[in-house]
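Below: one structure, written as structure tokens.
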Amino acid sequence: MTLRITFDTNVLDYACRPERYHKDPRQPQLAKIRDALKSGAIQGFFSVTMLTIEGIMNKDRAAVYESTALSAVREAPNMIRNADLPDEIRSFVGDGDLETHTLNLIADQPARQDVPPEVKARVNAAHGLGVRVLKAVPRVAAYRIDDLDGTFYLDNGANEDLSLWINKAHEVATAIEAKGLGMAQLTKLGLGQAANDPQGSWFSALTKAKDIHEKRKIERAFAEWADADSIASHIAYGIDVFCSNDVGNSNTANSILDVENRAWLTETYGVHFMTFDDLLATLP
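If you read the sequence shown in this note's numbering, its first letter stands for residue 4, the second for the next number, and so on.
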């Protein structure tokens, strides 16, 4: 059976651009991972948070999210004939036709810049090897990258399958945040900053850090949010392995990827973690 692997940001280049590490003594093994992805012997994935969150420069993340604006676009009404309605719907509406109205909510972040060239190069290399992107945990006003030709994202189903995926992604994200991890750390910092401005939103307050120490806390909290939502998507999709060299050392507070929380994820959701060296050790 083909092994399916979610690559964390800190290992994706090893897998997809091994030529960048020409002095690495593991170079022949790195090339084997790339070749396995290209041939389909390994199926690779990475979370879209690598672009939507980590694709923003550290120093710019707070300002980008402060600029978030939500607009609503109403589509033309659609009339469905009574005869075409399912029986369970007809029992509610009676003998009349049904007019439906669709309202699309669109998030815009005018302060968001184009992704840095290195991030583009990494994504293009991964895409060229058939690596697909995992969709993010659904959130109101979340920034979205469209998949115009259907080759970017890994499909997360339709109808009941989609509902199951969404429910699982929210279940995991909620459990992570209940532990004070993931997005909960960023929200807590924002609410603390917003205490002096009751009319402001918590994410707008993230730009009001009073010193470099608060700025660094906010930067680490953004990274923690990206990691946690990446894990939640990985679990919702049911991918076999989460490959990362991050063990939570960059976050002085608790991290979803520290040893204790990895153990919790494995016990609760069956997450199988590997470092990149662990993955290389599986090669023949």
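The beta carbon of each residue, even a glycine, is placed where N, CA and C say it ideally should be.
- Within the same chain, Trp168, Lys171, Ala172 come within 6 Å of Ala239 by CB-CB distance, once the 5 residues on both sides are set aside.
- Judged by pairs of C-beta atoms under 8 Å, the stretch 26-46 does not touch the stretch 205-214, as fewer than three such pairs exist.
- Shown here for Leu282: same chain residues with a beta carbon closer than 6 Å to its own, the five before and five after excluded, namely Cys246 in chain order.
- Between Leu101 and Ala75, the C-beta spacing is not below 8 Å.
- Leu137 and Thr12 do not touch by the CB rule: their CB atoms are close to 12 Å apart, not below 8 Å.
- For Val175, the CB contacts under 6 Å within the same chain, skipping 5 residues up- and downstream, are Ala235, Ile238 in chain order.
- The beta carbon of Leu260 sits closer than 7 Å to those of Asp230, Ser247, Asp249, Val250, Gly251, all from its chain and outside the five residues before and after it, given in chain order.
- Per DSSP, Val76 is one residue of the beta strand (DSSP E) stretching across 72-77.
- Per DSSP, reduced to three states, the secondary structure at Ile242 is coil, with no helix or strand assignment.
- Residue pairing by DSSP puts Gln46 in a beta bridge opposite Arg7.
- Beyond the five residues adjoining it in sequence on each side, Arg77 comes within less than 6 Å, by CB distance, of Leu106 in the same chain, given in chain order.
- The C-beta distance from Trp228 to Gly195 rounds to 16 Å, too long to meet the 8 Å contact threshold.
- In the structure shown, Thr278 adopts coil according to DSSP, grouped into three states.
- Under DSSP, the beta-bridge partners assigned to Asn81 are Thr103.
- In terms of Cα proximity to Val67, the closest of Phe276, Gln112, Lys123 is Gln112.
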